[in-house]
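Visitor: Okay, handing you the structure first.
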Amino acid sequence: GENVEQHPSTLSVQEGDSAVIKCTYSDSASNYFPWYKQELGKRPQLIIDIRSNVGEKKDQRIAVTLNKTAKHFSLHITETQPEDSAVYFCAASKGKRSYIPTFGRGTSLIVHP
Amino acid sequence: GAGVSQSPRYKVAKRGQDVALRCDPISGHVSLFWYQQALGQGPEFLTYFQNEAQLDKSGLPSDRFFAERPEGSVSTLKIQRTQQEDSAVYLCASSRPRGDTDTQYFGPGTRLTVL
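Line by line, the protein sequences give chains A and B.
Quick note: the first sequence uses the working numbering, first residue 1334, plus one each step.
Quick note: the second sequence uses the working numbering, first residue 37, plus one each step.
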């Protein structure tokens, strides 16, 4: 089955810096890659997603890039703010072939004011 | 509108007890997923429904775990003879897939502690 590796497990940055979280996946049939943000004690919430027919997608301070050949995708957060502090999870699924996602183990992002 | 809701939010059970966890998905969402999230880990898939049909239960860790969605809306995850290793947050998510895109909306989870 699919295997999703996520790095780093913890990321500490100063407010205003950029943060990058990387994920790799094993199944070349995966074609949908969502990213979720989970604040302490709260539910995961989708922040951005990308499909395999697109190499990059941006939404304000958040962007995701996808390299299908290398089977990796990354989350980029620019101008980080303390409220960005949370655990971020990447996931991969095969879209219509299987909506069941495989999640990474999460990255705890800490933004210091 | 209302999001996904789960009840109870917290459950403490003695080892050996049976528990039932409820999920109310977003109205109209055909897909419903159950996940188990251990502390410091990502959600681990348990089972998946499309309407009332349980299409995949490959993630259920043992035959003590059982899930149902009899009318294609509310779902219940039942754990029989709970063990300490069952302690985790159980997340429910619902979605209405469109093509290859499936945005899942998560509930707040039920934190199960087995003593």
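We treat Cβ as the ideally placed atom computed from N, Cα and C, and that holds for glycine.
Quantities reported herein were computed from a predicted structural model and do not represent experimental measurements.
Using a 10 Å radius around the Cβ and a threshold of 16 neighbouring Cβ atoms, would you call A:Asp1417 buried or exposed?
Guide: Translated into the one-based positions of the first sequence, residue 1417 of chain A becomes position 84. When all chains shown are included, A:Asp1417 counts as buried.
Visitor: Along the region 112-140 of chain B, what residues have a CB closer than 9 Å to any CB found in chain A?
Guide: Flagged, chain order: Leu127, Ala129, Ser131, Pro133, Gly135, Asp136, Thr137, Asp138, Thr139 and Gln140.
Visitor: Determine whether the Cβ of B:Ser63 lies closer than 8 Å to any Cβ atom of chain A.
Guide: The residue given as residue 63 of chain B occupies position 27 in the second sequence. It does not; no Cβ of chain A falls within 8 Å.
Visitor: Can you tell me where the beta strand (DSSP E) holding B:Asp138 begins and where it ends?
Guide: Your numbering for residue 138 of chain B matches position 102 in the second sequence. B:Asp138 -> no beta strand (DSSP E), and no H or E assigned at all.
Visitor: Decide if A:Asn1386 is buried, meaning its Cβ has at least 16 other Cβ atoms within 10 Å, or exposed.
Guide: Residue 1386 of chain A sits at position 53 when you count from the first residue of the first sequence. The residue in question, A:Asn1386, is exposed, as its Cβ has fewer than 16 Cβ neighbours within 10 Å.
Visitor: Counting only beta-carbon separations shorter than 8 Å, does A:Tyr1421 have a partner in chain B?
Guide: Along the first sequence, read from residue 1 onward, the residue named residue 1421 of chain A stands at position 88. No, A:Tyr1421 lies away from the interface with chain B (no Cβ there is under 8 Å from its Cβ).
Visitor: Any C-beta of chain A sitting closer than 8 Å to the C-beta of B:Asp60?
Guide: For the purposes of this step, residue 60 of chain B is identified with residue 24 of the second sequence, where counting begins at 1. Taking Cβ atoms only, chain A never reaches closer than 8 Å to B:Asp60, which makes this a no.
Visitor: Taking the straight line between their C-alpha atoms, what separation do you get for B:Ala49 and A:Ser1342?
Guide: Against the second sequence, residue 49 of chain B aligns to sequence position 13. Against the first sequence, residue 1342 of chain A aligns to sequence position 9. Each residue's Cα considered, the two are about 31 Å apart.
Visitor: In whole angstroms, give me the CA-to-CA distance for A:Lys1390 and B:Gln53.
Guide: Position 57 of the first sequence, counted from the start, is the residue given in the question as residue 1390 of chain A. Position 17 of the second sequence, counted from the start, is the residue given in the question as residue 53 of chain B. Approximately 48 Å, taken between the alpha carbons.
Visitor: Please state the DSSP three-state secondary structure of A:Arg1430.
Guide: Numbered from 1 along the first sequence, position 97 holds the residue referred to as residue 1430 of chain A. It is helical.
Visitor: Go ahead and label A:Lys1370 buried or exposed: buried means 16 or more other beta carbons lie within 10 angstroms of its beta carbon, across all protein chains shown.
Guide: Here residue 1370 of chain A is taken as the residue at index 37 of the first sequence, counted from 1. By the 10 Å Cβ count, A:Lys1370 comes out buried.
Visitor: Which residues, taken in chain order from the region 91-106 of chain B, show a beta carbon closer than 7 Å to some beta carbon of chain A?
Guide: For the region 91-106 of chain B, which is checked against every Cβ of chain A, the residues closer than 7 Å are Asp92.
Visitor: DSSP three-state call for A:Pro1415: helix, strand or coil?
Guide: As a first step, residue 1415 of chain A must be located in the first sequence, where it is residue number 82. Of the three classes helix, strand and coil, the one that applies to A:Pro1415 here is helix, per DSSP.
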